[in-house]
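Residue numbers (this note's numbering): 163 to 495.
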């Protein structure tokens, strides 16, 4: 057959059309990875209140600052507290003078006993000294309490969470001044959507400030959901972590291994918001709805909608999927 006859035969019969190129869907195991935005939060914030009515004279810390146990955080004063402190100092000074006087009297009676002083006089002098000492102790305690109330200190190592009163503000007794987030009582709160997550799953927390990642494990899924309906997950560090309350970032963790199907990425077809593959069974093409998962090199993991061994079209799948488009298309007027 000459070349001319071959071209004539091709023009009369049309090109030879090969069948669709397919590959069998492969059974694989994969560990689904989940990701969620997370933040380090305090288990129980500690609120420091003003013990007495006073004025905020000075704040020595700022939100986010790390403080040590016993560190001074704020100074209180104002006319009322200053007046109470002055009265307490005067009362202590008077009590100290009364003790000195009572001690001199008791010593004098002791020196003259039993020559010119009797037992009753000695007992009365010693009783007066004891009363003066008790009043002095009470006055000292009152002054010490007021002085302690004039300084707000951190009872534990913590991070300053928020400040409720600015310098110059007059507050009543019991008013909140500072909120502390104690160290060592922190948890990683993550919010995500999806299926249930197995407790004990291990992952890593990636801080947003590009700090070193921290190994974490899922401790529990809280029964109450977030305001947007997301699941709230509680993660704890595998080893002691150096994170602080307020740190944010992404937590990534893997679930248990589960069976799935792998197909080449070119087999996937997106149409009207749904994913499909074309199967070829008995020379009949059929569109199959699938749920794609993560990618593995050139393959995509299919988590639902496909069985292993099913022949899947892997070449020109999109064109074959829309092969009847011209017959269904109605041109505009």
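From the three backbone atoms N, C-alpha and C, an ideal C-beta is built for every residue, glycine too.
Query                                                                                                          : Result
Reduced DSSP secondary structure (H/G/I, E/B, other) of residue 480                                            : helix
Residue 182, DSSP secondary structure in three states                                                          : coil
Distance between beta carbons of residue 258 and residue 216, contact taken as under 8 angstroms               : Their Cβ separation, rounded to whole angstroms, is 26 angstroms, which puts residue 216 and residue 258 out of contact at 8 angstroms.
Residue from 470, 415, 267 with nearest C-alpha to residue 367                                                 : 415
Where the beta strand (DSSP E) containing residue 214 begins and where it ends                                 : Where residue 214 is concerned, there is no enclosing beta strand (DSSP E), given that its DSSP letter is neither H nor E.
Helix, strand or coil at residue 272 [DSSP, three-state]                                                       : helix
Residue 315, enclosing beta strand (DSSP E) - first and last residue                                           : 313 to 315
Pair within 8 angstroms by beta-carbon distance, residue 433 and residue 184                                   : no
Closer than 7 angstroms: residue 471 CB and nearest the ligand FAD heavy atom                                  : In the structure on display, the ligand FAD does not appear, and there are no ligands present to speak of.
Buried versus exposed call for residue 270 [16 or more other C-beta atoms within 10 Å across all chains shown] : exposed
Residue span of the beta strand (DSSP E) that contains residue 380, given as start and end                     : 376 to 383
Separation of residue 483 from residue 202, as counted between CA atoms                                        : 48 angstroms
Local conformation of residue 370 per DSSP, three classes                                                      : coil
Classification of residue 351 by the beta-carbon crowding that lies within 10 angstroms, buried from 16 upward : buried
Buried versus exposed call for residue 175 [16 or more other C-beta atoms within 10 Å across all chains shown] : Legend: pLDDT at residue 175 = 47, less than 50; position of this residue unreliable, no value from coordinates given.
Counted within 10 angstroms of its Cβ, other Cβ atoms place residue 316 as buried (16 or more) or exposed      : buried
Exposure of residue 329, with buried meaning 16 or more beta-carbon neighbours within 10 Å                     : exposed
Residues sharing a beta bridge with residue 396, DSSP                                                          : 351, 382
Residue 426 vs residue 461 beta-carbon contact at 8 angstroms                                                  : yes
Counted within 10 angstroms of its Cβ, other Cβ atoms place residue 250 as buried (16 or more) or exposed      : buried
CB contact flag (residue 206, residue 298, <8 angstroms)                                                       : no
Alpha-carbon to alpha-carbon, residue 429 and residue 476                                                      : 5 angstroms
DSSP beta-bridge partners of residue 450                                                                       : 439
CA-to-CA distance, residue 479 to residue 431, given in whole angstroms                                        : 7 angstroms
Proximal residues to residue 319 (C-beta, below 8 angstroms), its chain only, five neighbours per side dropped : 228, 229, 230, 231, 344, 345, 346
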